[in-house]
Amino acid sequence: MPRAETTRGLEPGTLAEVRVAQAWFWDGFYVRRGIDLQHRFGPDVTTVTDLDILGYAFDTSLGFRKRIGEVKSGKSSSTPRPLDRAIWVHGLQGLVGAGSGEVTTAFWPTGTIRDACRTLGVTVQHLDDLAAREQRLRIGAFDDLGSQGVSIAILRKDVQAFVKTDSVLERGFWFLASEVWFLEPLDALKRTLGLIRELSRLWPPSGHRQAEEAARWFFAEAISIATLNLAIVAGEANTMDAATFKQTAAARLATGDVSYHAMQKLSEHVDEYLGKILTSLDAPADVRISAMGAFAPSPPDYTEPLLELISRLAASAGGTARLPRQMDLIIFERLVRRRDAPAKARHRLGIATGTERMITLVGAFLRGQFDLPAPVNDALAVSRFDHADESADETQGTLFERAGETEPNDSTGN
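Each residue of the sequence shown is one higher than the last, beginning at 1 in full-length UniProt numbering.
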């Protein structure tokens, strides 16, 4: 696609952010651009409106680090200088738990400025440095693939405009573009799965092109973010024994804005109160027993298969460390761009039989718990892989079947 067509409606600053995000992705980071702060923190945020770039990098034991980036492509008298931006980024790192930062600027940074920024845990690159980095990473051969590049930046802008006519979709958009990035991983996973459940009811009828494009973006983004948090939680699982992790995770999945222990304490007080009332009314023993625990916190109905999925991912830490970027590429290529990922991109990300099987494991869980629309189901199907072991998929289908047909929970996953 010619560059003039793909940059429709994008400002030069946004295009620079797209370039940096794409470079980060092919440098080993799971990347998102334009993380909104105002929808998370409201009117208390006026000067710092968003994080230009947020990246996650995993090691082979599923340990991970976060990095944030600030991109300034202008050179007007009012444009902050590199050291100003580095101080800014240093202050923002703690907000999302980032351990490092990067500033991209149109002003040439001197060696003194680069050294000063480095003491803040921030590196500085000039736009010329970015161009050299793109050449080193061979971006020209991998431009505009997966969730990265100008095509998806334009689509996200179009989706943002489209959802203004629907309050449910607008809430979902800002959850994915803002709130989810400030939640604890298991809570982020739970609420993203809740959104997937809600989206599964809202797939538009055929013939509504703009609505379908938005739906495809929503599902791809939600599945990608869910996979990122699956990998993070799998890393947490490897820091404790299996029984402790399952107990801890189930308790956290059972909570909303109120902690599990607070909810449990409230439930005990309610049980005591109801018990006294029922005893005073000479209620039968079976009635008194059945009333116990009515207000006890309970995890979602998909908890057991979810924890089984996490345990499988945790057992293959090295492969799971690559999974977020692999899923990000695969789901956006198949579902949004409606094509298979190029062989060169699959090879570069190390997508082979074992890691393909992990993607189908995630797909099997989602299919087993939610009524995924056909295009989404097809994008996650094992048949789309050239080398995947189809016999393994039969086991996955059994393992992740829904425990029971219950009323769906709300879109927050509670």
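Don't be surprised by glycine CBs; every beta carbon is placed ideally from N, CA and C.
Taking the continuous alpha helix (DSSP H) assigned at residue 100, which residues delimit it? Counting along the chain, residue 100 falls outside any alpha helix (DSSP H), though it belongs to the beta strand (DSSP E) covering 100 to 105.
If you draw a straight line from the C-alpha of residue 79 to the C-alpha of residue 31, how long is it? 25 Å
Sheet register partners of residue 64 (DSSP bridge): 58
Out of curiosity, what's the CA-to-CA distance linking residue 147 and residue 157? 13 Å
Taking the beta carbon of residue 277 as the centre, do at least 16 other beta carbons fall within 10 Å, making it buried, or is it exposed? exposed
Could you compute how far the alpha carbon of residue 263 sits from the alpha carbon of residue 253? For residue 263, the predicted model reports a pLDDT of 44, less than 50, meaning its position is unreliable; a value from the coordinates is still stated below. Cα-Cα distance, rounded: 13 Å.
Is it true that the stretch 238 to 252 meets the stretch 161 to 174, where meeting means three or more beta-carbon pairs spaced less than 8 Å apart? no
Using the Cα positions of residue 38 and residue 354, report the straight-line distance between them to the nearest angstrom. 41 Å
Out of 370, 359, 369 and 371, state which residue places its alpha-carbon closest to the alpha-carbon of residue 381. 359
Residue range of the unbroken alpha helix (DSSP H) whose run includes residue 354: 353 to 369
Measuring alpha carbon to alpha carbon, tell me which of 255, 67 and 228 ends up nearest residue 98. 67
On the premise that residue 329 lies in contact with residue 145, defined as a C-beta separation below 8 Å, what is that separation, rounded to the nearest angstrom? 7 Å
Counting pairs of Cβ atoms below 8 Å between the stretch 191 to 206 and the stretch 368 to 381, do you hit three or more? yes
Nearest to residue 370 by alpha carbon, out of 230, 108, 77 and 223? 223
At what residues does the alpha helix (DSSP H) containing residue 119 begin and finish? 111 to 119
Am I right that residue 344 and residue 16 are in contact with their C-beta atoms under 8 Å? What's the rounded C-beta distance? Actually they do not touch by this definition, with Cβ atoms about 25 Å apart.
DSSP beta-bridge partners for residue 302? DSSP output for residue 302 lists no bridge partner at all.
Report yes if the C-beta distance between residue 228 and residue 310 is below 8 Å; otherwise report no. no
Looking at the secondary structure, which residues open and close the alpha helix (DSSP H) in which residue 194 lies? 185 to 200
Sequence-distant residues of its chain with Cβ nearer than 7 Å to residue 233 (five each side left out): 185, 186, 189 and 310
Consult DSSP for residue 122 and reduce its assignment to one of helix, strand or coil. strand
Rounded to whole angstroms, what's the CA-CA distance from residue 34 to residue 81? Just pull it up for me. 21 Å
Am I right that residue 83 and residue 113 are in contact with their C-beta atoms under 8 Å? What's the rounded C-beta distance? 5 Å
Short Cβ contact (8 Å threshold) for residue 22 with residue 139: yes
Within 8 Å, strictly: CB atoms of residue 101 and residue 74: no
Whole-angstrom distance between residue 348 and residue 181, CA atom to CA atom: 27 Å
Which class does residue 84 belong to by DSSP, given the choice of helix, strand or coil? helix
Using 8 Å as the cut-off, can you tell me whether the stretch 300 to 314 makes contact with the stretch 245 to 252, which would need three or more C-beta pairs spanning the two stretches below that distance? yes
Taking the straight line between their C-alpha atoms, what separation do you get for residue 163 and residue 361? 31 Å
Please state whether the Cβ-Cβ distance between residue 103 and residue 117 is less than 8 Å. yes
Tell me whether residue 316 counts as near the ligand PLP, meaning its Cβ is closer than 7 Å to at least one heavy atom of that ligand. No copy of the ligand PLP appears in this structure; indeed no ligand is present at all.
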